[in-house]
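Peer 1: Chains as they are written, first to last, in the working numbering: chain F, 330 to 1358; chain C, 4 to 147.
Ideal placement from N, C-alpha and C gives every residue a C-beta, glycine not left out.
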């Protein structure tokens, strides 16, 4: 069995899988067929719904991959052959010639600067920009190694030129390189090959053949500050700013006659994002969205699409498009469409059209599938082993992650990546840590003494235009250069890129620096990256300081360049003042208890427990009810697989009960949680008030959600037995006795009941549409002559299986569309008979009818008493009452606090398939720590100066971690010895909050890195040395 | 350090404001204000501390003494503290400091404020800072 894993594809899926795998104790070969990792996410301008800069959050991970000693990065390689069996695969990988020796190339770019051939379109910019024939795909490429395009290069095509070889000081150019086969041995394979976006594949009616019609990925590049138009929104035809921009949804999808019949799942959201960013770029632009359904079902998604309309004035039309034509005189586009609200046929003139075209499995997926011997589905996505096990392919030992399995967004992909890593860890658990090596800093740490003269280096980031546009960066640099102790100060475009890390190391070494400062974005996301870079250059990582001149300066003072520049200068002056006084710190190792505590015994909790247990760790599964299963107990048939929920539940419960590593604790509640990552003390109380104490290393929150009972809405109350919720219908259907159906002739489903509103519950809870369609189908099968009406607003059927599921069933009911301004009116006609009046927006008419049974699809809301649990865990809830993850895009399963994770409906309403993959992911995240067996504690702790301490004990009182105790110290005074009390801080328990230091009446406690003199120096520098620039 | 009876001239006055933000909630809230592009006046200079509980009264006094026209301390909402209870001590300490500032030193209490801002309250951070800056502008320069 091999302790190494092959990951195919270097997008966010492959990156996250690789990083998690190394933390679980495996060596990774990351094969990427293009010259750089980063994938599609690197091409995006921003990410919804926070509009975080995509590259800003991705680049640190790319750099992390590049520097990870256990990831062998094989970019510009392709998989050719695979033999063997799970645990022992032999893979042949083709190394394509770069014509540049990667061991010699420094990525300086001299070659590209001198290369005379400039004609090649750059695929990274979706061919809207140009590159040289020797190039890197984009400035932040990882690895930062150049390569030659053999079809363009004059030397390789015609044997003339050779300029790059002449100018390369590193002698890295090698025109003689040949393709090379490399054989590697791995225990498992993860396929993460991602997607392509259609363009010319569309039928001509969508108008993609015209210059000013672009697909959404092309538009991302247009929007991007580092894109072909440097972030100016321009039309490709004349490079003029378009005034009217039309975004066309579902172009070429969701129709059997179009390119793909499924929904690509992310377009509604990125369209809202792109339209918002467009408005931010050019206020005078007008954005129009030609929409179908709005599918916005994630956390803050629906609200985001509302914001686009209400705050940014983006206009949404509900339409059906017949053709898009060009006006040849102006290169404008004329959209011929049917307005579905009025039934009229109209024309719309736009200066630029952005098409949300189908996202399809990336080019070559079929061929790779054949090489790997794994099956594809009807749409050429890789086929999952079963609906509920979407991370495993049809061949054992080969796993699937991300868009290559089906449409999904970034957080789902990242959750899958962690899930896949944990599945691999289960398969290969006997060979963990057999092929990995520890990170070794080649350059030994240099000693920095207290009285050494500070030699400070400063890097000021432009962050594309994110900082540079609103802060005068050259002026900041010029000023900071003049400060005492600042030896070096320079600016750059992206401080987080790998080339910048090399630059930082180079400067530290060349200038013999003993402090380093980066002024860029927020230390919350980027401090660790720069600290590691410093450590790699032999500089203790605590001798680094970070200044936030983007999130807290340029982005919040966008109209005040002068004042923003002054603020940036002040913040940097303050950081320099602090940097002079900071000291190197040491870190300590802490043991991790090899067990996990899982809160909630539903499908998510059971899945997580099984995964942890199968990796060989102890799992405690606590459930407040009498039996495991959670909401699954109340479900009848599961869509789209049409399987009986009770069978699936029974199998799962048996598996959990059989596993010797799982301890199930029923009918118990949590009394108290103490401790910290690696060492939690949990006390539980059962119904007999008996207390049980556990010691665990990590915690997973899987508390699920519940269905909203809409008291008083649409006649829902105790008196009306035939106005029920979806879950109540499921329970009736579960029941053998179906006699209740005898009296019923007409059924009405009301979707979005109490959901997606302006006030109250504003979100979409994702599963109700699918469940309604399933139940309509079941009712129809039970009683074929039922007349069923479904009142809906938008249908959320975003998974690859769902569109077809709906298509096959849409004739089962009459679907009437209503909108929020005209909610259906429900009145009681007589006992158990209701009169419904609804304004159908498709027919533009009010329809009245009677019904015998009303089923309300209400949203999922957070489980009860989460606040109490959140307080015990010290983790936050979001605005809607669900748990708030550490980062909505890239840390969907983590809490900000190390050691605690979340999954399933505790995070957000989701279906069973997604709950299962999140649960596997959370188990993967948690087991990284269990696998490692230890963590390194922070060097940022408090310390007592015993000479000053008067032993009053106030610090002991305020410390929330019991890290401080008063100890007896014997003092000898000539012939008398006196015992006095002195405070003592356990650095393994201390979290560095500093409350003790602020409480100490005599200033005897020093908080490392946030000490009195350091903070005092910042205050003094700002106020006393204030400069007018 | 008694505040002058007459309020200073307010026209074109750009106050110096020191803001202490805790790493986990309010600093993250300030970041979210940035990510969401909520604009606020550029007068504040943020000093990041791990917990609002770290903010020693002497920091506030030092800032006022050395020329700050206002000082704002922000932390996690009560109950949300990343360090469990740090902000409760902040609150207690702050109330004490407030009474000292007012009674013994005669500083207008509006110049020193304590606010809770969570990591998801970017908008609130921008609003709190806007309001505080405007208040200090109205009060005019802090004459020592």
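Taking its Cβ as the centre, do 16 or more other Cβ atoms sit within 10 Å of residue 1332 of chain F, making it buried, or is it exposed?
Peer 2: Exposed: under 16 other Cβ atoms inside 10 Å.
Peer 1: Near residue 892 of chain F, which residues of its chain fall below 7 angstroms by C-beta distance, leaving aside the five closest residues on each side in sequence?
Peer 2: Around residue 892 of chain F: 886.
Peer 1: Spatial neighbours of residue 390 of chain F within its chain, please: C-beta separation below 6 angstroms, excluding the five flanking residues on both sides.
Peer 2: Contacts found: 344.
Peer 1: Starting from residue 695 of chain F and walking both ways along the alpha helix (DSSP H), at which residues does that stretch end?
Peer 2: Here the alpha helix (DSSP H) through residue 695 of chain F covers 694 to 701.
Peer 1: Check residue 790 of chain F in the structure and name its three-state DSSP category.
Peer 2: In the structure shown, residue 790 of chain F sits in a strand (DSSP, three-state: E or B).
Peer 1: At which residue ranges does the region 859 to 939 of chain F contain complete beta strand (DSSP E) runs of 3 or more residues, listed in the order of the chain?
Peer 2: With a minimum length of 3 residues, the continuous beta strand (DSSP E) runs that stay inside the region 859 to 939 of chain F are 873 to 877, 918 to 920 and 924 to 928.
Peer 1: Determine whether the Cβ of residue 45 of chain C lies closer than 8 angstroms to any Cβ atom of chain F.
Peer 2: It does: the Cβ of residue 45 of chain C has a partner Cβ on chain F nearer than 8 angstroms.
Peer 1: Which chain F residues sit within Cβ distance under 7 angstroms of residue 27 of chain C?
Peer 2: Chain F residues near residue 27 of chain C: 1225.
Peer 1: For residue 600 of chain F and residue 576 of chain F, which I take to be in contact (beta-carbon distance under 8 angstroms), what is that distance rounded to the nearest angstrom?
Peer 2: Yes, residue 600 of chain F and residue 576 of chain F are in contact; Cβ-Cβ is about 5 angstroms, under 8 angstroms.
Peer 1: Based on DSSP bridge pairs, tell me the residues matched to residue 568 of chain F.
Peer 2: Bridge partners of residue 568 of chain F: none, in fact.
Peer 1: Straight-line CA distance for residue 22 of chain C to residue 56 of chain C?
Peer 2: Roughly 14 angstroms between the two C-alpha positions.
Peer 1: Do you know how far the Cα of residue 1240 of chain F is from the Cα of residue 725 of chain F?
Peer 2: Straight-line Cα distance between these residues: approximately 25 angstroms.
Peer 1: Got a sec? Which residues, its chain only, sit under 8 angstroms from residue 837 of chain F by beta carbon, not counting five neighbours each side?
Peer 2: Result list for residue 837 of chain F: 786, 845, 863, 866, 867 and 868, in chain order.
Peer 1: Strictly below 9 angstroms CB to CB, what residues from chain C border residue 380 of chain F?
Peer 2: Going along chain C in sequence order, the residues near residue 380 of chain F (Cβ under 9 angstroms) are 38, 39 and 40.
Peer 1: Select from the region 1179 to 1205 of chain F all residues with a C-beta closer than 7 angstroms to any C-beta belonging to chain C, and list them in chain order.
Peer 2: Taking 7 angstroms as the Cβ-Cβ cut-off against chain C, the residues of the region 1179 to 1205 of chain F that qualify are 1200, 1203 and 1205.
Peer 1: Can you tell me which of the three DSSP states residue 1014 of chain F falls into?
Peer 2: Three-state DSSP puts residue 1014 of chain F in a strand.
Peer 1: In whole angstroms, give me the CA-to-CA distance for residue 1159 of chain F and residue 1051 of chain F.
Peer 2: Each residue's Cα considered, the two are about 12 angstroms apart.
Peer 1: Go to residue 576 of chain F, then tell me how far its beta strand (DSSP E) extends in each direction, as first and last residue.
Peer 2: Note, residue 576 of chain F: beta strand (DSSP E), 573 to 577.
Peer 1: Looking at residue 350 of chain F and the ligand GDP, is the gap between the Cβ and the nearest heavy atom below 7 angstroms?
Peer 2: For the structure depicted, the ligand GDP is absent and the ligand set is empty, with no information on it obtainable.
Peer 1: Is there a C-beta anywhere in chain C that falls below 8 angstroms from the one on residue 1339 of chain F?
Peer 2: Yes, because at least one Cβ of chain C sits closer than 8 angstroms to the Cβ of residue 1339 of chain F.
Peer 1: Please identify, using Cβ separations under 8 angstroms, the residues of the region 833 to 860 of chain F that lie next to chain C, in order along the chain.
Peer 2: If the cut-off is 8 angstroms between Cβ atoms, the region 833 to 860 of chain F has 851, 852 and 853 near chain C.
Peer 1: Since residue 349 of chain F is in the alpha helix (DSSP H), which residue starts that stretch and which ends it?
Peer 2: Start and end: 341 to 352.
Peer 1: List the DSSP bridge partners of residue 357 of chain F.
Peer 2: In DSSP, residue 357 of chain F forms a bridge with F/334 and F/400.
Peer 1: Sort F/989, F/1057, F/1002 and F/623 by Cα distance to residue 1200 of chain F and report the nearest one.
Peer 2: Per the Cα distances, F/1002.
Peer 1: Which residues of chain B have a Cβ atom closer than 7 angstroms to the Cβ of residue 1004 of chain F, listed in chain order?
Peer 2: Absent here is chain B; the protein component of the structure consists of chains F and C.
Peer 1: Roughly how many angstroms lie between the CA atoms of residue 380 of chain F and residue 455 of chain F, to the nearest whole one?
Peer 2: Taking the straight line from one Cα to the other gives about 21 angstroms.
Peer 1: Taking 8 angstroms as the CB-CB limit, is residue 127 of chain C close to chain F?
Peer 2: Closer than 8 angstroms: no.
Peer 1: Identify the continuous alpha helix (DSSP H) that holds residue 61 of chain C and give its terminal residues.
Peer 2: Here the alpha helix (DSSP H) through residue 61 of chain C covers 60 to 69.
Peer 1: Please classify residue 987 of chain F: does DSSP put it in a helix, a strand, or coil?
Peer 2: Here residue 987 of chain F sits in helix by DSSP.
Peer 1: Does the region 37 to 52 of chain C come close enough to the region 870 to 888 of chain F that 3 or more CB-CB pairs lie under 8 angstroms?
Peer 2: The region 870 to 888 of chain F is in contact with the region 37 to 52 of chain C.
Peer 1: Determine, for residue 140 of chain C, whether the minimum Cβ-Cβ distance to residues of chain F falls below 8 angstroms.
Peer 2: Chain F contact via Cβ: absent.
Peer 1: Roughly how many angstroms lie between the CA atoms of residue 1103 of chain F and residue 767 of chain F, to the nearest whole one?
Peer 2: Taking the straight line joining both Cα atoms gives about 52 angstroms.
Peer 1: Mapping the DSSP letters down to three states, classify residue 1044 of chain F as helix, strand or coil.
Peer 2: Residue state, collapsed to three classes: helix.
Peer 1: Closest to residue 1209 of chain F by C-alpha separation, out of F/1191, F/1202, F/1198 and F/1223, would be which residue?
Peer 2: The candidate whose alpha carbon is nearest that of residue 1209 of chain F is F/1191.
Peer 1: Tell me, please, whether the CB atom of residue 884 of chain F is closer than 8 angstroms to any CB atom in chain C?
Peer 2: Yes - at least one Cβ of chain C is within 8 angstroms of the one on residue 884 of chain F.
Peer 1: Would you identify the three-state DSSP class for residue 752 of chain F, choosing helix, strand or coil?
Peer 2: In this structure, residue 752 of chain F counts as helix in the three-state DSSP scheme.
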